[in-house]
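Participant: Protein chains in written order, with my numbering: chain A, 866 to 991; chain B, 866 to 991. For each residue, glycine too, the CB sits at the ideal point set by N, CA and C. Submitted below is the structure of interest, expressed as C-alpha cells.
As C-alpha cells, then:
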C-alpha cells in the first residue's frame, strides 16, 4: 500500500471513529444548537425538533464524556443546569457545518436519485 | 427566532439528514476508499478493515441509491462489477475529509476526556 493510500485509509478509520461518535445525528444537531451559546436543558429540547427527553439526556452525557460539552449546575432553587461547548467542542463546528452545507446544497439531488432508484427497482420487480 | 438562528437550525436539520445517511460510518469509509478510483467489490472489501460482505453490499446499495456511487457490470466471464464515485459522490469527499482530519487531530484528546469521565463516574459510584 502506498504512503498516500495508507494516509487516506488512516483518515477513513479516524472518520469512522468520529462518525460513530457524532453520527447518531442528535449529537451533531446538539453541537450545532450549542453553537449559539450556553443553554439549559429545556431550551435545548425546545430548539431540537423531535428530540425526546431521554435521547437529549443521553446525547448530552455522550458529549460531556467525549469532552465536547460541559454541564454546570447552578445552586438556585430548583437547581438550574447549563450546557455549553468546550473549546474542543467548538473545533467540531467547522467540520459539522461543512457537512451541513453539503447536505443543504445537495439534498434535492439526493432525493431525486432515490426516487429514480426506487422507481427502477419497482419496475424491475413488477 | 432570529434569521441567523433559523439558518443555524436549518443547517443542523440538513446535517442530521446527511449524517443519518453516511453516519453509519461504513458509508463514509467506503466513500473515502472509492476516492482512490473505481474498484471491484473484492478490492473494496480488502481495503475496508472489518467490513463484512453483507455490510459492504448494503452500504454500496445505499450509496448507489443516493446517487453517490455507480455500479457497472462488465460482461466478462464471470461478470465483473466495478464501483465508482459519481460527481455528486466526489463532492462529499471534502466534508468527509474535514471530519476525518478533525478526528485524527483530536482522537487522543477525546480518549483522555473519556478516561477522565469514566474514572470520575467510577469514583462516584464506589
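When the Cα atoms are used, what is the spatial distance from residue 908 of chain B to residue 919 of chain B?
Facilitator: 15 Å
Participant: Is DSSP giving residue 896 of chain A helix, strand or coil here?
Facilitator: helix
Participant: Just how far apart, CA to CA, sit residue 941 of chain A and residue 976 of chain A?
Facilitator: 48 Å
Participant: In three-state terms, what does DSSP make of residue 935 of chain B?
Facilitator: Residue state, collapsed to three classes: strand.
Participant: From the DSSP secondary-structure annotation, give me the bridge partner or partners of residue 945 of chain A.
Facilitator: A:939
Participant: How long is the line joining the alpha carbons of residue 901 of chain A and residue 912 of chain A, rounded to whole angstroms?
Facilitator: 11 Å
Participant: Take every Cβ of the stretch 926-937 of chain A, pair it with every Cβ of the stretch 968-975 of chain A, and state whether three or more of those distances are shorter than 8 Å.
Facilitator: Contact between the stretch 926-937 of chain A and the stretch 968-975 of chain A is absent, because fewer than three Cβ pairs lie under 8 Å.
Participant: Sorted by chain position, which residues of the same chain lie with C-beta nearer than 6 Å to residue 914 of chain A's C-beta, five sequence neighbours on each side aside?
Facilitator: none
Participant: What residues are listed by DSSP as bridge partners for residue 904 of chain A?
Facilitator: For residue 904 of chain A, DSSP records a beta bridge to A:948.
Participant: State the start and end residues of the unbroken alpha helix (DSSP H) segment that holds residue 961 of chain B.
Facilitator: 958-990
Participant: Residue 953 of chain A versus chain B: which residues are under 9 Å apart at the beta carbon?
Facilitator: Residues of chain B passing the Cβ test: 971, 974, 975, 978.
Participant: When you compare the CB of residue 936 of chain B with every CB in chain A, is at least one pair closer than 7 Å?
Facilitator: no
Participant: Are residue 953 of chain B and residue 899 of chain B closer than 7 Å when you measure CB to CB?
Facilitator: no
Participant: Can you give me, in chain order, the residues of the stretch 940-965 of chain A that have a beta carbon less than 9 Å from any beta carbon in chain B?
Facilitator: 951, 953, 956, 957, 959, 960, 961, 962, 963, 964, 965
Participant: Using the rule of at least 16 other Cβ atoms within 10 Å of the residue's Cβ for burial, across every protein chain shown, is residue 938 of chain B buried or exposed?
Facilitator: Residue 938 of chain B should be labelled exposed.
Participant: Can you check which of these residues, A:929, A:990, A:894, is closest to residue 982 of chain B by C-alpha distance?
Facilitator: A:929
Participant: Would you mind reading off the limits of the alpha helix (DSSP H) that contains residue 915 of chain A?
Facilitator: Counting along the chain, residue 915 of chain A falls outside any alpha helix (DSSP H), and DSSP gives it neither H nor E.
Participant: I'd like to know whether the C-beta atoms of residue 895 of chain A and residue 924 of chain A end up nearer to each other than 7 Å.
Facilitator: yes
Participant: Taking the C-alpha atoms as reference points, what is the distance between residue 990 of chain A and residue 984 of chain A?
Facilitator: Approximately 10 Å, taken between the alpha carbons.
Participant: Whose C-beta lies closer than 6 Å to the C-beta of residue 958 of chain A among residues of the same chain, with five residues either side of it excluded?
Facilitator: 900
Participant: Against residue 905 of chain B, what residues of chain A qualify as contacts under a CB-to-CB distance less than 7 Å, listed in chain order?
Facilitator: Against residue 905 of chain B, chain A offers no close residue; the least beta-carbon distance is about 16 Å (beta-carbon pairs closer than 7 Å).
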